[in-house]
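Enquirer: Take this structure, written in structure tokens, and hold onto it; I'll ask about it next.
2 protein chains.
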Amino acid sequence: MGKNLRLKAARAAKDMSQKDLADAVGVTRQTINAIENGDYNPTINLCISICKVLGKTLNDLFWEDDQSGE
Amino acid sequence: MGKNLRLKAARAAKDMSQKDLADAVGVTRQTINAIENGDYNPTINLCISICKVLGKTLNDLFWEDDQSGE
DNA sequence: ATAAAATGTTAGATATAATTGACATATTAT
DNA sequence: ATAATATGTCAATTATATCTAACATTTTAT
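Heads up: the sequence lines are chains X and U, in that order. So that you can map any letter, position 24 of the first sequence is 24 in this note's numbering, and since no number is skipped, the others follow by simple counting. So that you can map any letter, position 20 of the second sequence is 20 in this note's numbering, and since no number is skipped, the others follow by simple counting.
This is the structure we're talking about:
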């Protein structure tokens with residue numbers, strides 16, 4: 001699995017560290033790190049929580065053929 | 001958690017049974033049934049597989065405040 | 001009416017998401 | 001230089017997604 005650079009960018013745009021995001025959604029820093037690095041397959045509820053904190057949708061951060069230049 | 005009626009409707013629109021969809025994405029019928037009934041929290045990769053089979057996006061089937069008239 | 005297919009649900013097992021804790025490296029300060 | 005913060009990663013544990021297998025109910029046929 002590849003890295004999730006859209007997630008990394010959305011987090012950077014909010015000036016949050018991995019730990020900040022982890023605390024905001026109620027998981028550990030290692031979990032956020034693993035998701036950004038594509039090391040595993042989070043649950044949809046966690047994805048939804050992350051999206052809400054970062055002001056994005058599922059398609060923005062986790063859908064693939066989404067090359068729309070907004 | 002509430003039922004996922006959008007998933008149920010999208011599956012019906014393809015005239016697929018729960019077992020048909022389960023076979024198409026490589027899980028069991030019970031897993032599809034549990035997702036439709038809101039009994040748990042699937043992984044994002046499974047959600048993406050389901051969306052692809054049904055010709056929908058993550059926002060279509062799993063995002064919440066999605067009242068956009070496309 | 002009955003047979004077949006689809007769905008709902010449950011118990012027990014397995015795979016893996018997520019945790020805790022630790023350590024290393026990199027970055028950004030002072 | 002060093003102190004602090006952020007990130008990468010790994011081993012061991014816990015929580016839970018998913019499986020297997022079974023049985024009941026509902027729906028759609030014959």
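Note that beta-carbon positions come from the ideal geometry of N, C-alpha and C, so glycine has one too. Note that the structure is predicted; figures quoted are calculated from it, not measured.
1) Determine contact between the stretch 16-30 of chain U and the stretch 41-58 of chain U, defined as no fewer than three beta-carbon pairs at a distance below 8 Å.
2) Check whether the Cβ atoms of residue 107 of chain U and residue 36 of chain U lie closer than 8 Å to each other.
3) Give a yes or no on whether 8 Å exceeds the smallest Cβ distance from residue 33 of chain X to chain U.
4) Would you check if the distance between the CB atom of residue 6 of chain X and the CB atom of residue 60 of chain X is smaller than 8 Å?
5) So which of X:42, X:64, X:56, X:62 has the shortest CA-CA distance to residue 14 of chain X?
6) Do the CB positions of residue 21 of chain X and residue 58 of chain U come within less than 8 Å of each other?
7) Under 6 Å Cβ to Cβ from residue 32 of chain X, same chain only, skipping five residues before and after it: list those, please.
8) If we define contact as Cβ-Cβ less than 8 Å, is residue 50 of chain X a contact residue for chain U?
9) Spatial neighbours of residue 1 of chain X within its chain, please: CB distance less than 8 Å, with the 5 preceding and 5 following residues excluded, ordered by chain position.
10) Is the shortest distance between the beta-carbon of residue 58 of chain U and the beta-carbons of chain X less than 8 Å?
11) Could you give the DSSP three-state label for residue 57 of chain U: helix, strand or coil?
12) Is there at least one Cβ from chain X nearer than 8 Å to residue 28 of chain U's Cβ?
Expert: A quick look at the data gives this:
1) yes
2) The question about residue 107 of chain U has no answer here: the residues shown for chain U are numbered 1 through 70.
3) Position 33 of the first sequence holds residue 33 of chain X. Chain U contact via Cβ: absent.
4) Position 6 of the first sequence, counting from 1, holds the residue named residue 6 of chain X. Position 60 of the first sequence, counting from 1, holds the residue named residue 60 of chain X. In contact: residue 6 of chain X and residue 60 of chain X (Cβ atoms closer than 8 Å).
5) Residue mapping note: residue 14 of chain X aligns to position 14 of the first sequence, counting from 1. When only C-alpha atoms are compared, the closest one is X:56.
6) As a position in the first sequence, residue 21 of chain X is number 21, starting the count at 1. As a position in the second sequence, residue 58 of chain U is number 58, starting the count at 1. No. Outside cutoff.
7) To locate residue 32 of chain X, count along the first sequence from 1; it is residue 32. Cβ within range, chain order: 18, 21, 22.
8) Translated into positions along the first sequence, residue 50 of chain X becomes position 50. No, no contact with chain U.
9) As a working note, residue 1 of chain X is residue 1 in the first sequence. Hits under 8 Å: 38, 39, 40, 41.
10) Reading the second sequence from its first residue, position 58 is the one you call residue 58 of chain U. It does; some Cβ of chain X falls within 8 Å.
11) Residue numbering aside, residue 57 of chain U sits at position 57 when the second sequence is read from its first letter. Three-state DSSP puts residue 57 of chain U in coil, outside helix and strand.
12) Taking the first residue of the second sequence as position 1, residue 28 of chain U is located at position 28. With 8 Å as the cut-off, residue 28 of chain U does not count as an interface residue toward chain X.
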